[in-house]
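A quick write-up on the structure given underneath.
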Amino acid sequence: MSKKISLIHANDLASVDYAYASRMPADMDLLFMAGACPLDKSGEISDPGDYEKQAIRCVSNLREALKECEASLDDIVYTRVLVASDHRSDLVIAWNAIRKEFGDHDVPSTLSGVTVLGYEHQLVEIEAVAAVD
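Basically the working numbering = 1-based index in the sequence shown + 8.
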């Protein structure tokens, strides 16, 4: 992670597994990443029906896209996780898999359940913003 990026935890708010805000200096470039989908190299959705495996594939694909920008997960300053389900337990499965992949980088995030995502059998998508020097 760039030493210039700060993840801000609020002491007077609930203790959660993500930062409440992030801050970076104005001289950093922002990368707006396309939604990372659970596509394999052939363009097919991987692991239909498995929220955890699709979430992990999304993070893997996000890592590859970031690598093309000479960035990493540690450069991410915000994510939005979309999960195609109306069951909170499915959202939690996807969230826990993604948080594990991010490790100590507890970037501010929004987790939302949606009715459908763009690809047939797609269950998870991750939108991200990163900041680089």
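We put the CB at the ideal spot given by N, CA and C, even for glycine.
The residue among M32, A138, I134, D141 with its C-alpha nearest the C-alpha of Q62 is I134. Beta-bridge annotation (DSSP): M41 is paired with A136. The DSSP assignment places complete beta strand (DSSP E) segments of no fewer than 3 residues inside the stretch 16-102 at 29-31, 37-44, 84-92, in order along the chain. Within the DSSP bridge table, the entry for G121 names V91 as partners.
For L74 and Y59, the gap between their C-alpha atoms comes out near 22 angstroms. No Cβ-Cβ contact shorter than 8 angstroms links V124 with A79. Approximately 14 angstroms separates the beta-carbon atoms of V122 and W103; this is outside 8 angstroms, ruling out the contact.
Closest option to D37, judged by alpha-carbon separation, among G51, S54, I13, I53: I13. Distance from L39 to V137 at the Cβ level is roughly 7 angstroms; contact confirmed, criterion being Cβ atoms closer than 8 angstroms.
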